[in-house]
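All remarks here apply to the structure that follows.
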DNA sequence: CCAACCGTATTACTCCTATAATACAGTTAT
DNA sequence: ATAACTGTATTATAGGAGTAATACGGTTGG
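Protein chains in written order, with this note's numbering: chain A, 331 to 463; chain B, 331 to 463.
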């Protein structure tokens, strides 16, 4: 049975996305293996103090990713194959990139300029100053 | 007089951010120079077919960046000094891009893969909410 | 069978963002 | 001085995102 006991009390972003990330991390770390029984939507919702539909939203996304399988009326199970693990790894990276892209666009940067600067700064490691203006 | 004639009819994101980007691009490209008279909020709003307050929101951000100066009741002018240009450049490039590069490298991505994903995700920018159905 | 679970669908509420409507106040040229 | 502009503040509206309330129908074990 997949456990949500280690679900972080605080976190960034909407709850349903935090649930998605939590399960993804478990799959990537190997703590969730193929065939593991997922706790029901209602159980997780009670544990997290949210509505079952919020958990359902997360489970739906996880099912879209192929990480869990659900049959109406029955329990849900993890579906962890080499393919899904690789998909999760790619998804985690894609999420990182997505955050980065959003930050860049929010700052008003042009696409071409962003790509150019990233390409130029990629190999320079001592670039991270961290001062503000 | 700064011209909005070349303002792109279509674009992504909210209008007020598109205005901000448009002016920033003009400053970076040198088509907007120091002391240039900015068209009034109402003129720009009529040109773009939006409310004056939408333009005001953009102008406020530009003023926060030091790119324009406004006096209540009087016209607004561009303030393009080496300092403001440098400030924009630092903000848009050094700050964000270096964060991007370090974040992506920390996630173990290859340079080529990162550039490719950024390029592909640039126009989508959806968090991760909904593909499929 | 049937009670107690399960997943799912529909609808509504709340909050936030982008934009608009309106009103107010300052500058400037005549 | 005053008309015609200017910037600014306040409030309202529309839409979307996240979450909740509720109800419905399927599965399963005793």
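Where a beta carbon is used, it is the ideal one built from N, C-alpha and C, also for glycine.
C-alpha distance - residue i paired with residue j, whole-angstrom precision
i                     : j                     : result
residue 343 (chain A) : residue 398 (chain A) : 22 Å
residue 360 (chain B) : residue 394 (chain B) : 20 Å
residue 332 (chain A) : residue 371 (chain B) : 57 Å
residue 415 (chain B) : residue 351 (chain B) : 14 Å
residue 335 (chain B) : residue 373 (chain B) : 12 Å
residue 417 (chain B) : residue 418 (chain A) : 39 Å
residue 401 (chain B) : residue 390 (chain B) : 12 Å
residue 430 (chain A) : residue 423 (chain A) : 11 Å
residue 420 (chain A) : residue 412 (chain A) : 12 Å
residue 346 (chain A) : residue 452 (chain A) : 33 Å
residue 365 (chain B) : residue 392 (chain B) : 14 Å
residue 339 (chain A) : residue 377 (chain A) : 11 Å
residue 368 (chain A) : residue 427 (chain A) : 29 Å
residue 348 (chain B) : residue 386 (chain A) : 36 Å
Boundaries (first-last residue) of the beta strand (DSSP E) holding residue i
i                     : result
residue 410 (chain A) : Run containing residue 410 (chain A): none; DSSP gives neither H nor E here.
residue 402 (chain A) : Taken as a continuous stretch (DSSP letters only), residue 402 (chain A) belongs to no beta strand (DSSP E), as it is neither H nor E.
Host alpha helix (DSSP H) of residue i (start-end)
i                     : result
residue 449 (chain A) : 441 to 451
_Quick test of the definition: if touching needs 3 or more C-beta pairs under 8 Å, does the region 407 to 417 of chain B touch the region 348 to 357 of chain B?_
yes
_Segment contact flag, the region 443 to 451 of chain A with the region 377 to 390 of chain A, C-beta cutoff 8 Å, min 3 pairs_ = no
_Unbroken stretches of the beta strand (DSSP E), 3 residues or longer, contained in the region 332 to 395 of chain B_ = none
*Closer than 9 Å, Cβ to Cβ, to anything on chain B: give me those residues from the region 402 to 425 of chain A, in chain order.*
Answer in chain order: 421, 422, 423, 424 and 425.
*Short-range partners of chain A found in the region 371 to 398 of chain B, where Cβ spacing is below 7 Å*: none
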